[in-house]
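Colleague: Submitted below is the structure of interest, expressed as structure tokens.
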Amino acid sequence: METTVILLKPDCLARKVVGEVIRRFESAGFGIRGAKMMAMNPEMLREHYAHLVGEPFYPLLEAFMMSSPVIVLALAGDGAIERARMLVGPTDSRKAAAGTIRGDMGTDNRRNILHASDSPESAAAEMARFFRPDELFGG
Ligand code: IDP
Ligand code: MG
200 METTVILLKP DCLARKVVGE VIRRFESAGF GIRGAKMMAM NPEMLREHYA
250 HLVGEPFYPL LEAFMMSSPV IVLALAGDGA IERARMLVGP TDSRKAAAGT
300 IRGDMGTDNR RNILHASDSP ESAAAEMARF FRPDELFGG
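Letter by letter, the sequence shown follows residues 200 to 338 of the numbering used here.
Structure representation (structure tokens):
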């Protein structure tokens, strides 16, 4: 069993598709190990999106991610990290296939509904970044 970290972004909450996104993961066999609502701040985002801090679009990304609270999930399953990325689809919602979460619910390459860890290393770092040990169950 592996655990991946999902962030339900402000557009997910604004579009009221939180339940639908969680339903898709549950239907695919994922189990919930941790869940909470939290407000992002610039320091946390600079760490989480360290690979993008120098991009011209970074200020808009930061503003978007702070435009409302997000919901952080730790989801467990066999091959959870890669399987979640498959369910989520590519970064640009406009290029994501129908049937993927971003393809069905996202808007563009910034407003794309959710984040999913992209490797075992980032999943471990994100679990430590967003959850205290006593906020993670099972696994
Ligand atoms: P990912 O979320 O598919 O892993 P990353 O390249 O890690 O994609 O980018 C993180 C987030 O930054 C994206 O989900 C999206 O919200 C935003 N982003 C990425 N590339 C662009 C871009 O070219 N323009 C605007 N926002 C972007
Ligand atoms: Mg990424």
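Just so you know, even glycine gets a beta-carbon here, dropped at the ideal spot from N, CA and C. Computed from a predicted structure; not experimentally measured.
Under 7 Å between the Cβ atoms of I334 and G233?
Modeller: Indexing the sequence shown from 1 puts residue 334 at position 135. Indexing the sequence shown from 1 puts residue 233 at position 34. Note that residue 334 is Glu in the sequence shown, not Ile. Result yes, Cβ atoms of E334 and G233 sit closer than 7 Å.
Colleague: On a CA-only basis, which of K294, R310, R284 is nearest L260? Give me that one, please.
Modeller: Locating residue 260 in the sequence shown gives position 61, counting from the first residue. Taking only the C-alpha atoms, the option nearest L260 is R310.
Colleague: Specify the secondary structure class of P200 as computed by DSSP and reduced to three states.
Modeller: Residue 200 sits at position 1 when you count from the first residue of the sequence shown. The amino acid occupying residue 200 in the given sequence is Met; Pro does not appear at that position. Looking at M200 - three-state DSSP - the assignment turns out to be coil, as it is neither helix nor strand.
Colleague: Alpha carbon to alpha carbon, how far is A322 from A262?
Modeller: Within the sequence shown, residue 322 is the residue found at index 123, counting from 1. Within the sequence shown, residue 262 is the residue found at index 63, counting from 1. Cα-Cα distance, rounded: 24 Å.
Colleague: For I231, report the span of its beta strand (DSSP E) as first-last.
Modeller: In the sequence shown, the residue the question calls residue 231 occupies position 32. Counting along the chain, the beta strand (DSSP E) containing I231 begins and ends at 230 to 237.
Colleague: State the Cα-Cα distance for the pair A227 and C211, rounded to the nearest angstrom.
Modeller: Within the sequence shown, numbered from 1, the residue matching residue 227 stands at position 28. Within the sequence shown, numbered from 1, the residue matching residue 211 stands at position 12. Distance between the alpha carbons of A227 and C211: 19 Å.
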